[in-house]
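J.: According to the working numbering, the sequence shown is numbered sequentially starting from 27.
Handing you a structure now.
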Amino acid sequence: PKKDDKKDDTTTPDQKIKDLGKLNLSDAAKKKLAVHYVYKAKLALDEADNNLAEKKADYTAKRKTLLETMTELAARKAAAEKANQDLTDFLASGENNSAKETALRDALNRAHAHEQRAFDAEQKAEAEFNAARDAAFAAVAAYNKALAEYKDAYNDAVRLGVNPAALPPVVTSDPLAADFPAVPGTKQIYADALNGKFGPAAQASAKKTEVAKAQAAAPAAAGK
């Protein structure tokens with residue numbers, strides 16, 4: 027039998043073999059499987075990208091907080107040192123003023139309290155910063171892995187004659203919404219992608235779909 031006449035086996039999309047050409051599938055089935063991998067890899071890449079953006083934002087926020095707590099801690103340490111020096115200078119002066127001594131000791135105790143508070147805040151901020159840094163590193167690694175897998179899936183599809191760039195994007199919407207019906211021309215774009223239309227041919231197909239979208243939207247807009 028011809029290669030295209032081979033009966034599709036029961037391999038599921040999640041049981042990917044690196045070389046799709048080695049699967050006991052018809053060419054059409056291999057192309058559909060390649061498309062599945064492209065979509066799946068792109069979804070994973072988008073999720074990794076979103077996660078990385080969140081982790082980067084958290085890292086930036088935690089770093090800002092850490093720097094602020096470090097600045098305050100340094101200031102509180104300096105204030106405590108000054109309060110201690112003021113008391114030392116008073117005691118060394120021989121001045122007999124119990125009220126002033128009490129005030130200086132109270133000021134020193136308050137300075138130490140602020141210093142301890144700032145120290146605790148700095149320690150907490152440092153721990154949170156370290157966690158955010160590690161999470162950001164992990165997110166970068168996950169993104170790079172997802173990107174490599176997407177590139178592999180994309181190239182696998184190209185080798186099979188599929189043009190992933192011409193595939194219609196997957197857009198989720200409420201199936202009960204008034205504008206849910208499929209956009210005319212989407213199936214043709216999918217077919218063109220499977221047939222390996224690249225360059226001008228794919229662009230022309232995409233252009234037709236844009237026109238179809240505009241035509242489909244016109245009646246709805248007029249009825250508003």
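C-beta atoms are modelled at their ideal positions from N, C-alpha and C, and glycine is treated no differently.
Note that the structure is predicted; figures quoted are calculated from it, not measured.
Can you give me the Cβ contacts of residue 85 inside the same chain, cut-off strictly under 7 Å, excluding the 5 residues immediately before and after it?
T.: Working through the sequence shown from its first residue, we reach residue 85 at position 59. Counting only Cβ-Cβ distances below 7 Å, and skipping sequence neighbours, we find 158, 159 and 162.
J.: May I have a chain-ordered list of the beta strand (DSSP E) segments no shorter than 3 residues that lie completely inside the segment 104-172?
T.: Entirely contained in the segment 104-172, not one beta strand (DSSP E) run reaches 3 residues.
J.: Using a 10 Å radius around the Cβ and a threshold of 16 neighbouring Cβ atoms, would you call residue 169 buried or exposed?
T.: Reading the sequence shown from its first residue, position 143 is the one you call residue 169. It is buried - the Cβ of residue 169 has at least 16 other Cβ atoms within 10 Å.
J.: Residue 190: buried (16+ other C-beta within 10 angstroms of its C-beta) or exposed?
T.: For the purposes of this step, residue 190 is taken as the residue at position 164 of the sequence shown. By the neighbour-count rule (16 or more Cβ atoms within 10 Å), residue 190 is buried.
J.: DSSP state of residue 100, grouped into three classes?
T.: Counted from its first residue, the sequence shown places residue 100 at position 74. Residue 100 falls in the helix class under three-state DSSP.
J.: When the distance is taken between beta carbons, is residue 70 closer than 8 Å to residue 175?
T.: For the purposes of this step, residue 175 is taken as the residue at position 149 of the sequence shown. For the purposes of this step, residue 70 is taken as the residue at position 44 of the sequence shown. Yes, the Cβ-Cβ distance between residue 175 and residue 70 is below 8 Å.
J.: Specify the secondary structure class of residue 194 as computed by DSSP and reduced to three states.
T.: Stepping through the sequence shown from its first residue, residue 194 is reached at position 168. Reduced to three states, the DSSP call for residue 194 is coil.
J.: Which value, in whole angstroms, describes the spacing of the CA atoms of residue 179 and residue 193?
T.: Counting from 1 along the sequence shown, the entry for residue 179 is found at position 153. Counting from 1 along the sequence shown, the entry for residue 193 is found at position 167. Answer to the nearest angstrom: the Cα atoms are 14 Å apart.
J.: Under the assumption that residue 187 contacts residue 57 (Cβ atoms under 8 Å), give the Cβ distance between them as a whole number of angstroms.
T.: In the sequence shown, counting from the first residue as 1, residue 187 sits at position 161. In the sequence shown, counting from the first residue as 1, residue 57 sits at position 31. The Cβ separation is near 7 Å, so the contact holds.
J.: With three or more beta-carbon pairs closer than 8 Å as the criterion, would you say the segment 122-134 touches the segment 84-100?
T.: They do not touch, by the three-pair rule.
J.: Quick one: grab the DSSP three-state call for residue 71.
T.: If you number the sequence shown from 1, residue 71 lands on position 45. Here residue 71 sits in helix by DSSP.
J.: Out of 62, 136 and 68, which has the shortest C-alpha to C-alpha gap to residue 177?
T.: Position 151 of the sequence shown holds residue 177. Out of 62, 136 and 68, 68 has the C-alpha closest to the C-alpha of residue 177.
J.: Return the CA-CA distance between residue 100 and residue 74, expressed in angstroms with no decimal places.
T.: As a first step, residue 100 is located in the sequence shown; it is residue number 74 there, counting from the start. As a first step, residue 74 is located in the sequence shown; it is residue number 48 there, counting from the start. Cα to Cα, residue 100 sits roughly 38 Å from residue 74.
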